[in-house]
Amino acid sequence: MPPKVEPHVFVALGATGDLMQRKLLPALHSIFLQGSIEGRSLILGAALETNVDDASFRTRACESLPIEPSNPFCERLYYQSIGEGAAAGFQALAVRIAKLEQQHNLPGNRVLYLALPPSAFPSTITGLGEAGLNRSAGWTRLVIEKPFGRDLASAQELNRLVHTHFEESQVYRIDHYLGKETVQNLLVFRFANALFETAWNRDRVEKVEITVAESLGVEHRAAYYEGAGALRDMVQNHLTELLTSIAMELPAAFDAEAIRYEKVKVLRSIAPIGPQDAVFGQYAGGQVDGQPAPGYREEPGVSPQSETETFAALKIEIANWRWHGVPFYLHTGKRMPRQVSQIAVTFRRPPVSIFQPLDTGTIHPNTLIITVQPDEGFDLQFEVKAPGQPIQLKTQSLHFRYAEAFSPLSEAYETLLLDVLIGDATLFVSDDWVEASWRLYTPLLEQRPPTHPYPAGTWGPPEAAGLSWPPQTLVNEPEKGKH
């Protein structure tokens, strides 16, 4: 049975923006169809626009789903303008929320979702706090989209501002990557299967490669991306979240506090990352799917002299008992040959090969490939004897896909929003996680390695070869056997 959510008002600030239409409304509608949201619960959109009212907001929202405005879901949609975003606008929002709660006999439970650009976070958090929207008769939960800061100093300042008005237990820092089924399953896979957990250490693991490759370029995000780059956009959050999930120790309990504690311990065990541990790249003109593709500097809104990195490869060393001496490689890039997000855990080869005198060829290491997207699932590569003589070894794969076993899968935002509504913070990063992550990468932003060009449609700059790039799991995919 789906979990039941207490009656509440879901306040979406930035409700006329793209995130609300593409992600939040479909996710909330799906949760509603599952029967999780109690009938009296409401969704109140809030934004600067003054020419929008309840009726026009419902019409626009329901067209984007698409469903009829007479649908029971649409009937729970409301809109409130906050004018220029000054104190009076937030006071009006507080009055409207209180009025709706009174009209619908709601207990004062509220979600405040900042579907806003990062530049609007400080003024919005201050406005909510000063209007008294940080407290209510029930519970209040503040949801903040990434990126949370641009470096250590800005993240610390944003945390200080948040804690001025909200307690840490009220704050949910959301990243859609943590809502993907494969990422959630990492803890179950590791700690419910002794076969893997006993091999999850420096004695058995040779290296770990975490890769998020994108075939698209910067597209319409140039205004944001020019000031961010791959390190801020992908490494500090997505890839580091995967790193802490794959490397953490067994938590004392399966709850948010214990799991967050172990993830922060991983970050605090990582050795300093210097320019010698990283390679940056930027895509130039090339071919993608047989079609010409412009270089990053030729994209609209990008400076012709830009040094912003669209590719980053890093080597991470975790200086603790479990992982000492095992390199963790983080890779991300735009305009790659294909889109894939995966974790490849390569196990050590047998110390002695009895097959080498038989000229059987190279013995490939066993590799566990955890595919986050697309086609979420697991592949365990191992060696078998090919039929016939002489003896030849061939790599095969045990194959599992979520879509084949558990269709359909929930969308990531659906999973995360439901967790917010029931008060489960397990899949959301804490304030100390954010600061520990930025503490690792800020020195690399201050002392950047050079940015190397690479043609669009290729696997990035050749200078990254020393950082296990590209992984063999991407270049040479073995035949998948379904067992």
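Note that the working numbering gives residue 438 to position 437 of the sequence shown, counting from 1, and the numbers run on in steps of one. Idealized CB from N, CA, C, for every residue including glycine. Note that the structure is predicted; figures quoted are calculated from it, not measured.
May I have a chain-ordered list of the alpha helix (DSSP H) segments no shorter than 4 residues that lie completely inside the stretch 166 to 230?
182 to 192, 195 to 198 and 223 to 226
One or two residues paired with K5 in a DSSP bridge
By 1-based counting over the sequence shown, the position of residue 5 is 4. For K5, which the question treats as bridged, DSSP gives no partner whatsoever.
DSSP three-state label for G482, please.
Counting from one through the sequence shown, the residue named residue 482 turns up at place 481. Residue confidence is low: G482 scores 40 on pLDDT, short of 50, so the model does not pin down where it sits. No coordinate-derived value is stated.
Assigned exposure category for W322 - 16 Cβ within 10 Å defines buried:
To locate residue 322, count along the sequence shown from 1; it is residue 321. That one is exposed.
Terminal residues of the continuous alpha helix (DSSP H) containing P123?
Here the question's residue 123 lines up with position 122 in the sequence shown. First-last of the alpha helix (DSSP H) with P123: F122 to E131.
Can you tell me the Cα-Cα spacing of D23 and S65, whole angstroms?
For the purposes of this step, residue 23 is taken as the residue at position 22 of the sequence shown. For the purposes of this step, residue 65 is taken as the residue at position 64 of the sequence shown. The question names Asp, yet the displayed sequence has Arg at residue 23. Cα to Cα, R23 sits roughly 8 angstroms from S65.
Identify every residue that forms a DSSP beta bridge with R111.
For the purposes of this step, residue 111 is identified with residue 110 of the sequence shown, where counting begins at 1. BP columns for R111 point to V10 and T141.
Backbone CA spacing between L187 and R97 [nearest angstrom]
Here residue 187 refers to the residue found at position 186 when the sequence shown is read from its first residue. Here residue 97 refers to the residue found at position 96 when the sequence shown is read from its first residue. Using only the alpha carbons, I get a separation of about 42 angstroms.
So the alpha helix (DSSP H) I423 belongs to, where does it begin and stop?
As a position in the sequence shown, residue 423 is number 422, starting the count at 1. Here the alpha helix (DSSP H) through I423 covers A413 to I423.
Do you know offhand how far I180's Cα is from Q393's?
In the sequence shown, residue 180 corresponds to position 179, counting from 1. In the sequence shown, residue 393 corresponds to position 392, counting from 1. The amino acid at residue 180 is misidentified as Ile; the sequence shows Gly. Their Cα atoms are separated by approximately 42 angstroms.
So within the stretch 220 to 288, which uninterrupted alpha helix (DSSP H) runs reach at least 4 residues, ignoring any that extend past its ends?
223 to 226, 241 to 248 and 257 to 270
In terms of alpha-carbon separation, which member of Y80, P375, G228 and S216 lies closest to P119?
Working through the sequence shown from its first residue, we reach residue 119 at position 118. Of Y80, P375, G228 and S216, the residue nearest in Cα terms is G228.
Please report the residue range of the beta strand (DSSP E) in which F379 lies.
The residue labelled residue 379 in the question sits at position 378 within the sequence shown. Per DSSP, F379 belongs to the beta strand (DSSP E) from G378 to K386.
Are the Cβ atoms of Q157 and E377 separated by less than 8 angstroms?
Numbered from its first residue, the sequence shown carries residue 157 at position 156. Numbered from its first residue, the sequence shown carries residue 377 at position 376. The answer is no: Cβ separation not under 8 angstroms.
Identify whether Q306 lies in helix, strand or coil by the three-state DSSP scheme.
Here residue 306 refers to the residue found at position 305 when the sequence shown is read from its first residue. Correct three-state label for Q306: coil.
Is DSSP giving A16 helix, strand or coil here?
Looking up residue 16 in the sequence shown gives position 15. Residue state, collapsed to three classes: coil.
Straight-line CA distance for G90 to R161?
By 1-based counting over the sequence shown, the position of residue 90 is 89. By 1-based counting over the sequence shown, the position of residue 161 is 160. The alpha-carbon atoms of G90 and R161 are separated by roughly 23 angstroms.
Looking at the secondary structure, which residues open and close the alpha helix (DSSP H) in which K87 lies?
For this step, residue 87 is matched to residue 86 along the sequence shown. First, the residue type needs correcting, since residue 87 is Ala and not Lys in the sequence shown. Where A87 is concerned, there is no enclosing alpha helix (DSSP H), given that its DSSP letter is neither H nor E.
Bridge partners for T396 per DSSP, in chain order?
Indexing the sequence shown from 1 puts residue 396 at position 395. BP columns for T396 point to E384.
Does I371 come out as helix, strand or coil in the three-state DSSP assignment?
For the purposes of this step, residue 371 is taken as residue 370 along the sequence shown, with counting starting at 1. DSSP places I371 in strand when its eight states are reduced to three.
E70 in three-state terms, based on DSSP
On the sequence shown, residue 70 is found 69 positions in, with the first residue counted as 1. Checking the sequence shown, residue 70 turns out to be Pro, not Glu. Residue state, collapsed to three classes: coil.
Can you give me the C-alpha to C-alpha distance between P293 and H400, rounded to a whole angstrom?
Here residue 293 refers to the residue found at position 292 of the sequence shown. Here residue 400 refers to the residue found at position 399 of the sequence shown. If you take the alpha carbons of P293 and H400, they lie about 35 angstroms apart.
Boundaries (first-last residue) of the beta strand (DSSP E) holding V327:
In the sequence shown, residue 327 corresponds to position 326, counting from 1. Premise fails: V327 is in no beta strand (DSSP E) and is neither H nor E.
G150 versus S431: straight-line alpha-carbon distance, rounded:
Counting from one through the sequence shown, the residue named residue 150 turns up at place 149. Counting from one through the sequence shown, the residue named residue 431 turns up at place 430. G150 and S431: Cα-Cα distance of roughly 13 angstroms.
Distance check for H30 and F74, CA to CA, integer angstroms please.
Stepping through the sequence shown from its first residue, residue 74 is reached at position 73. Stepping through the sequence shown from its first residue, residue 30 is reached at position 29. Approximately 7 angstroms, taken between the alpha carbons.
Proximity to P148 [Cα-Cα], best of H105, Y225 and L34
Walking along the sequence shown from the start, residue 148 turns up at place 147. Comparing Cα-Cα distances from P148 to each of H105, Y225 and L34, the minimum goes to Y225.
For H484, count the other beta carbons within 10 Å of its own beta carbon; 16 or more makes it buried, fewer makes it exposed. Which is it?
Start at 1 with the first residue of the sequence shown, and residue 484 comes out as number 483. Bear in mind that a pLDDT of 37 at H484, under 50, signals an unreliable position, so the number given afterwards is only what the model happens to contain. Flag for H484 reads exposed.
Among H9, F383, H164 and A272, which one has its Cα closest to the Cα of L315?
Along the sequence shown, read from residue 1 onward, the residue named residue 315 stands at position 314. Comparing Cα positions, the closest option is A272.
Exposed unless 16 or more other CB atoms sit within 10 angstroms - verdict on E300:
Against the sequence shown, residue 300 aligns to sequence position 299. Answer is buried; the Cβ neighbour count reaches 16.
If you reduce the DSSP assignment to three classes, tell me which class Q473 lands in.
What you label residue 473 is simply residue 472 of the sequence shown in a count that begins at 1. If DSSP states are grouped into helix, strand and coil, Q473 belongs with the helices.
Taking only three categories from DSSP, how would you classify V430?
What you label residue 430 is simply residue 429 of the sequence shown in a count that begins at 1. Here V430 sits in strand by DSSP.
For the putative contact between L240 and V267, defined by C-beta atoms under 8 angstroms, what is the C-beta separation to the nearest angstrom?
Here residue 240 refers to the residue found at position 239 when the sequence shown is read from its first residue. Here residue 267 refers to the residue found at position 266 when the sequence shown is read from its first residue. That pair is no contact at about 13 angstroms.
Between which two residues does the beta strand (DSSP E) holding I364 run?
In the sequence shown, residue 364 corresponds to position 363, counting from 1. Neither: I364 is in no beta strand (DSSP E) and is coded neither H nor E.
CB Y284 to CB A457, shorter than 8 angstroms?
Counting from one through the sequence shown, the residue named residue 284 turns up at place 283. Counting from one through the sequence shown, the residue named residue 457 turns up at place 456. Yes, they are a contact pair.
Are the beta-carbon atoms belonging to T372 and Q382 less than 8 angstroms from one another?
Your numbering for residue 372 matches position 371 in the sequence shown. Your numbering for residue 382 matches position 381 in the sequence shown. In this structure, Q382 does not lie closer than 8 angstroms to T372 by Cβ.
Cβ contact check for the stretch 42 to 53 and the stretch 137 to 147: 3 or more pairs under 8 angstroms
no
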